[in-house]
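>
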Amino acid sequence: MIYLDWIELNATEAEQWRKDVNAEGAYELPEGKTRIRAATVPFYDDYKFYGLADLTKPEPNERYLLGKQGDLNLMDWTNEPIYRANEKAPIKLDRKNVIPYAKFFFHYVRGQLGRFIIVEKPEEVRWLPQATEEDKAKVNALLMPVTYKGLNRFNQFTLTAVVVFKNALFRTNILVAPMEMDVPDEETGEMEHMTIGQMKLVGEELLLEDLPMPIDGPPTEFG
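Each number in this note's numbering corresponds to the 1-based position in the sequence shown with 8 added.
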């Protein structure tokens, strides 16, 4: 999971951001009923990550964006805003920040068929009420920190992580492109174009399945 150090904007800053976001036309943030907070992320020099809470709505009520004033990338739970920001900012990846980037990416990208949830600690695993201590012990024994494995032969960052997908637990490698590049697919051998910061899961290993875990539906406006 990703843990961000949020700082709430003061009223003057928040009002300017509210107007800028509303000018984009994607949605309307209400005057006097919007909370805006910002977090620094280590893979962009000038971009920050912003949470935009509409306080007229019950929680969850927060939308997100990447960027700076005059350059807004509104998040929509797909990978497109992140990849777009990566090219414009641009993103700067190294062995120290590629793991936080992967955690950020998989937390804020949620597919229509399900989401991949990186789990490193027992408290990060979500369970249904009927989960037994035996169920939890089996999963806990397989958890591990996201691990940096270095650059592969095609100069892609390679990580290993344990992830939950629906109600199954997997161990997988995560490839991250440090730059725009053309690389051969490891399974088919066909050339594949990757943009800077593009992610790919390879070598997935099923560890446990049919676990008593909640299965998320497609993401809504607020996640």
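C-beta atoms are modelled at their ideal positions from N, C-alpha and C, and glycine is treated no differently. These figures come from a predicted structure and were not determined experimentally.
1. Following the continuous alpha helix (DSSP H) through PRO108, name the residue where it begins and the one where it ends.
2. Output the distance between the C-alpha atoms of PRO186 and ARG71, rounded to the nearest integer angstrom.
3. Pull the bridge partners of VAL171 from the DSSP assignment, please.
4. Assign LEU219 to buried or exposed, taking buried as 16 or more other Cβ atoms, counted over all protein chains shown, within 10 Å of its Cβ.
5. Return the CA-CA distance between GLU188 and GLU142, expressed in angstroms with no decimal places.
6. Excluding the 5 residues preceding and the 5 following GLN120 in the sequence, name in chain order all residues of the same chain whose CB lies nearer than 6 Å to its CB.
7. Can you give me the Cβ contacts of PHE162 inside the same chain, cut-off strictly under 6 Å, excluding the 5 residues immediately before and after it?
8. Can you tell me which of ARG26, ALA31, THR64 puts its alpha carbon nearest to the alpha carbon of TYR58?
9. Where do the N-terminal and C-terminal ends of the alpha helix (DSSP H) with TYR91 fall, by residue?
10. Give the single residue among GLU36, PHE124, ALA169, LYS146 whose Cα lies nearest to the Cα of ILE107.
11. Can you give me the Cβ contacts of GLU95 inside the same chain, cut-off strictly under 7 Å, excluding the 5 residues immediately before and after it?
12. For THR196, does the count of other Cβ atoms within 10 angstroms reach 16, so buried, or fall short, so exposed?
13. For the structure I just gave you, are there three or more beta carbon pairs, one from the segment 85–100 and one from the segment 47–62, closer than 8 Å?
14. Tell me which residue opens and which closes the alpha helix (DSSP H) that ASP190 is part of.
15. Please list, in chain order, all residues of the same chain as VAL172 whose beta carbon is under 6 Å from its beta carbon, the five residues on each side excluded.
16. Here's the rule I'm using: 16 or more other beta-carbon atoms within 10 Å means buried, otherwise exposed. How should PRO89 be labelled?
17. Would you give the residue range spanned by the beta strand (DSSP E) that ASN81 belongs to?
Here's the rundown:
1. Segment 106–116, the alpha helix (DSSP H) holding PRO108.
2. 28 Å
3. According to DSSP, VAL171 bridges with ILE126, PHE178.
4. buried
5. C-alpha separation (whole angstroms): 45 Å.
6. Taken in chain order, the residues that qualify are PRO226.
7. Non-local C-beta neighbours of PHE162 in its own chain, meaning closer than 6 Å and more than five positions away in sequence, comprise VAL191, ordered along the chain.
8. ARG26
9. First-last of the alpha helix (DSSP H) with TYR91: 88–96.
10. The candidate whose alpha carbon is nearest that of ILE107 is ALA169.
11. Within the same chain, and ignoring the five residues on either side of GLU95 in sequence, the residues whose Cβ sits closer than 7 Å to its Cβ are THR203, ILE204.
12. exposed
13. yes
14. Note, ASP190: premise wrong, no alpha helix (DSSP H); beta strand (DSSP E) at 189–192.
15. Non-local beta-carbon contacts of VAL172 in its own chain, meaning distances under 6 Å to residues more than five positions away in sequence, involve ILE125, VAL127 in chain order.
16. buried
17. Run containing ASN81: 79–82, per the beta strand (DSSP E) assignment.
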